[in-house]
Ligand code: AMP
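In our numbering, the protein residues as written are 5 to 175.
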């Protein structure tokens, strides 16, 4: 785990002042460490009968699609508004200033399907809680939200009270 942690790079003041961006690109460049990362997360769900894995644009896609492949599950893209070509459901969530939205295809989740949400970072929890709302709206059975990194000091867990959370690395 220390090996993985060492490959996550802090970029101060990106994308704006005061934010320390957790850059996972050095980890993605290291085949062994990235394989271990994916294996540890995927192994946790191997016997959990996951039907679909959701990835959130854009770094979430990278991890979620690989985990879906390992779990023999479908992969769903949740994207910024206007990017998905078919009919969508939309969830709007609050940012520090203003609001943002995410969309999912209306036929992505069938009622009762077992769903895993995967993203690289849990920060304030706004993104993940918007996605859990979409899963609920569509009648999916949310198994867990899995993150590579959780920023504990931002207390994103508070916004995800009704959803089990797993994070590989905590800051
Ligand atoms: P939040 O909605 O605040 O939990 O933010 C989560 C989303 O923003 C994730 O999709 C992350 O990829 C991204 N994110 C938020 N904070 C950071 C950070 N410090 N470093 C890297 N990505 C971040």
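Idealized CB from N, CA, C, for every residue including glycine.
Which of helix, strand or coil DSSP assigns to residue i
i	result
residue 128	coil
residue 19	coil
residue 142	coil
residue 165	coil
Alpha-carbon to alpha-carbon, residue j and residue i
i	j	result
residue 155	residue 171	10 Å
residue 35	residue 43	12 Å
residue 175	residue 90	38 Å
residue 139	residue 103	20 Å
Cβ-Cβ separation, residue j to residue i (assumed contact under 8 Å), whole Å
i	j	result
residue 153	residue 173	5 Å
residue 160	residue 127	6 Å
residue 123	residue 136	No, residue 123 and residue 136 are not in contact; Cβ-Cβ is about 11 Å, not under 8 Å.
residue 96	residue 108	About 13 Å; that fails the 8 Å criterion.
Reference residue i, options the options, closest by Cα
i	options	result
residue 54	167, 42, 77	77
residue 10	19, 63, 41, 105	41
Contact test: residue i Cβ vs the ligand NAP heavy atom, cutoff 7 Å
i	result
residue 127	Here the bound small molecules are the ligand AMP; the ligand NAP is not part of this structure.
Does the structure place the segment 44-57 close enough to the segment 22-29 that three or more beta carbon pairs sit under 8 Å? no
Does the pairing of the segment 107-119 with the segment 10-21 give three or more beta-carbon distances under 8 Å? no
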